[in-house]
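Engineer: These protein sequence lines are chains A and B, in that order. Sequence positions in the first sequence follow my numbering and run 6 to 169. Sequence positions in the second sequence follow my numbering and run 6 to 169. We put the beta carbon where it would ideally sit given N, CA and C, even for glycine. One structure, as structure tokens, below. Some questions next.
There are 2 protein chains.
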Amino acid sequence: MAMDAAHAPLLIRRAQRDDVPAIVRLLAADDFGRGREDARSPLPDAYYAAFDAIQHDGCNELVVVEIGGQVAGTLHLTIIPYLTYQGGRRAQIEAVRVDERYRNQQVGRRLLEWAIARARERCCHLVQLTTDKRRRDAHRFYERLGFVASHEGMKLHLTPAPEA
Amino acid sequence: MAMDAAHAPLLIRRAQRDDVPAIVRLLAADDFGRGREDARSPLPDAYYAAFDAIQHDGCNELVVVEIGGQVAGTLHLTIIPYLTYQGGRRAQIEAVRVDERYRNQQVGRRLLEWAIARARERCCHLVQLTTDKRRRDAHRFYERLGFVASHEGMKLHLTPAPEA
Numbered sequence: 006m007a008m009d010a011a012h013a014p015l016l017i018r019r020a021q022r023d024d025v026p027a028i029v030r031l032l033a034a035d036d037f038g039r040g041r042e043d044a045r046s047p048l049p050d051a052y053y054a055a056f057d058a059i060q061h062d063g064c065n066e067l068v069v070v071e072i073g074g075q076v077a078g079t080l081h082l083t084i085i086p087y088l089t090y091q092g093g094r095r096a097q098i099e100a101v102r103v104d105e106r107y108r109n110q111q112v113g114r115r116l117l118e119w120a121i122a123r124a125r126e127r128c129c130h131l132v133q134l135t136t137d138k139r140r141r142d143a144h145r146f147y148e149r150l151g152f153v154a155s156h157e158g159m160k161l162h163l164t165p166a167p168e169a
Numbered sequence: 006m007a008m009d010a011a012h013a014p015l016l017i018r019r020a021q022r023d024d025v026p027a028i029v030r031l032l033a034a035d036d037f038g039r040g041r042e043d044a045r046s047p048l049p050d051a052y053y054a055a056f057d058a059i060q061h062d063g064c065n066e067l068v069v070v071e072i073g074g075q076v077a078g079t080l081h082l083t084i085i086p087y088l089t090y091q092g093g094r095r096a097q098i099e100a101v102r103v104d105e106r107y108r109n110q111q112v113g114r115r116l117l118e119w120a121i122a123r124a125r126e127r128c129c130h131l132v133q134l135t136t137d138k139r140r141r142d143a144h145r146f147y148e149r150l151g152f153v154a155s156h157e158g159m160k161l162h163l164t165p166a167p168e169a
């Protein structure tokens with residue numbers, strides 16, 4: 006069913022524990038997320054353990070976009086205090102997903118604008134994110150919001166250490 | 006004075022409050038840091054406020070490399086819990102600096118190896134960092150450690166909001 010977010014009230018709010026299955030479905034519906042998430046019911050406990058860790062840490066905010074009572078998008082914001090930039094705080098954005106039924110309706114843009122406003126509110130001087138180099142549409146989306154791809158985003162996946 | 010770290014004992018430890026001036030000197034001695042830091046004595050209070058915020062947050066670890074009683078390098082590690090990767094934790098590295106007198110003596114490598122080991126100890130499945138695209142030597146350094154430049158690192162600097 007096609008939905009029209011432009012004409013529905015959109016609410017951005019902190020995620021609650023019972024939003025976790027809907028958020029994981031969004032993560033798993035993603036091209037890159039498909040192979041690494043497990044959205045089957047019941048969800049692996051590790052998702053709830055991570056949710057609890059996020060909720061109990063004042064530096065992390067997991068949010069959802071709600072449209073017509075349904076979770077239509079999600080974003081994770083982390084506030085990090087650094088000594089750099091004369092003791093400046095940064096806001097880092099991760100795990101941005103919008104339900105495909107609500108694509109091209111400015112839902113992502115409104116979610117990012119919310120995150121940027123929240124970063125200001127939390128006294129950050131910089132908002133940062135990394136995005137897979139294969140996600141070319143995402144780069145254009147972030148560039149339109151003012152982001153500059155000035156850095157290499159480098160990742161090292163850890164394999165379990167050999168038994169001692 | 007040239008120093009030879011290969012023959013001096015090297016200690017990696019959590020930074021203390023009285024290490025802040027030495028850390029800020031390292032940040033300010035950097036080509037990109039020069040214009041954005043203020044290492045003059047007394048240091049701006051904001052550096053100490055940031056240090057206190059870092060020390061009181063269990064997700065952040067600011068460390069120094071000490072050689073012969075001197076601060077010879079620094080690194081900031083942040084542990085972030087996410088729902089992605091089935092509730093996986095990531096370790097993020099930022100603000101890596103080695104005193105130029107100790108360059109090319111494996112001090113940076115030992116600091117990064119420490120951080121990767123610490124990430125495992127804190128149950129992270131991934132270590133990540135961003136590095137300015139102009140720092141070509143740094144890319145090679147991180148690639149030798151196993152990092153892959155799979156992502157764009159995008160930044161948005163916030164200017165103060167207009168007065169309401």
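#1: Could you tell me which residues DSSP pairs with residue 65/A in its beta bridges?
#2: Leaving out five residues before and five after residue 75/B in sequence, what residues of the same chain have Cβ atoms less than 6 Å from its Cβ?
#3: Decide yes or no for the touch test of the segment 34 to 52 of chain A against the segment 69 to 88 of chain A: beta carbon pairs closer than 8 Å, at least 3 of them.
#4: So is residue 88/B in contact with chain A if we call contact Cβ pairs under 7 Å?
#5: Below 8 Å, how does it come out for the segment 93 to 101 of chain A and the segment 100 to 112 of chain B: are there three or more Cβ pairs, yes or no?
#6: Could you give the DSSP three-state label for residue 48/B: helix, strand or coil?
#7: Does residue 57/B come out as helix, strand or coil in the three-state DSSP assignment?
#8: Using a Cβ-Cβ cut-off of 7 Å, state whether residue 24/B counts as contacting chain A.
#9: Please report whether the beta-carbon of residue 146/A lies at a distance below 7 Å from any beta-carbon of chain B.
#10: Within a Cβ cutoff of 8 Å, which residues of the same chain sit near residue 118/A, ignoring the five residues on either side of it in sequence?
#11: Could you have a look at residue 91/A and say whether DSSP puts it in helix, strand or coil?
#12: Are the CB atoms of residue 96/B and residue 69/B within a distance shorter than 7 Å?
#13: Flag this pair as yes or no: are the beta carbons of residue 40/A and residue 32/A separated by less than 7 Å?
#14: When the cut-off is 7 Å and only beta carbons count, does residue 85/B lie next to chain A?
#15: In whole angstroms, what is the alpha-carbon distance linking residue 120/B and residue 14/A?
#16: Roughly how many whole angstroms lie between the Cα atoms of residue 113/B and residue 122/B?
#17: Counting contacts by CB-CB distance shorter than 7 Å, is residue 137/A in contact with chain B?
#18: Who are the neighbours of residue 132/B on chain A, taking C-beta pairs under 7 Å?
#19: Given a cut-off of 7 Å on the beta-carbon distance, is the pair residue 92/B and residue 130/B in contact?
#20: If you reduce the DSSP assignment to three classes, tell me which class residue 42/A lands in.
#21: Is the CB-CB distance between residue 143/A and residue 159/B below 7 Å?
#22: Under three-state DSSP, which class holds residue 24/A?
#23: For residue 126/A, count neighbouring C-beta atoms within 10 Å of its own C-beta (all shown protein chains included) and say buried if the count is 16 or more, exposed if not.
#24: Excluding the 5 residues preceding and the 5 following residue 90/B in the sequence, name in chain order all residues of the same chain whose CB lies nearer than 8 Å to its CB.
#25: What span of residues does the alpha helix (DSSP H) with residue 142/B cover, start to end?
#26: CA-CA distance, residue 66/A and residue 116/A?
#27: Quick one: grab the DSSP three-state call for residue 116/A.
Structural biologist: Taking the coordinates as given:
#1: In the DSSP assignment, residue 65/A is bridged to 83/A.
#2: none
#3: At 8 Å Cβ cutoff, the stretches do not touch.
#4: yes
#5: Contact fails: fewer than three Cβ-Cβ distances are below 8 Å.
#6: coil
#7: helix
#8: no
#9: no
#10: Within its own chain, the residues whose Cβ lies closer than 8 Å to the Cβ of residue 118/A, once the five positions on either side in sequence are excluded, are 150, listed in chain order.
#11: helix
#12: In this structure, residue 96/B does not lie closer than 7 Å to residue 69/B by Cβ.
#13: Not closer than 7 Å, so no.
#14: True, the Cβ-Cβ gap to chain A drops below 7 Å.
#15: 45 Å
#16: 14 Å
#17: Residue 137/A counts as touching chain B.
#18: 161, 163
#19: no
#20: coil
#21: Not a contact, by the Cβ cut-off of 7 Å.
#22: In the structure shown, residue 24/A sits in a helix (DSSP, three-state: H, G or I).
#23: Counting Cβ neighbours within 10 Å, residue 126/A comes out exposed, since fewer than 16 surround it.
#24: Excluding its 5 nearest sequence neighbours in each direction, residue 90/B has C-beta neighbours in its own chain below 8 Å: 130, 131, listed in chain order.
#25: 141 to 149 is the extent of the alpha helix (DSSP H) around residue 142/B.
#26: 13 Å
#27: helix
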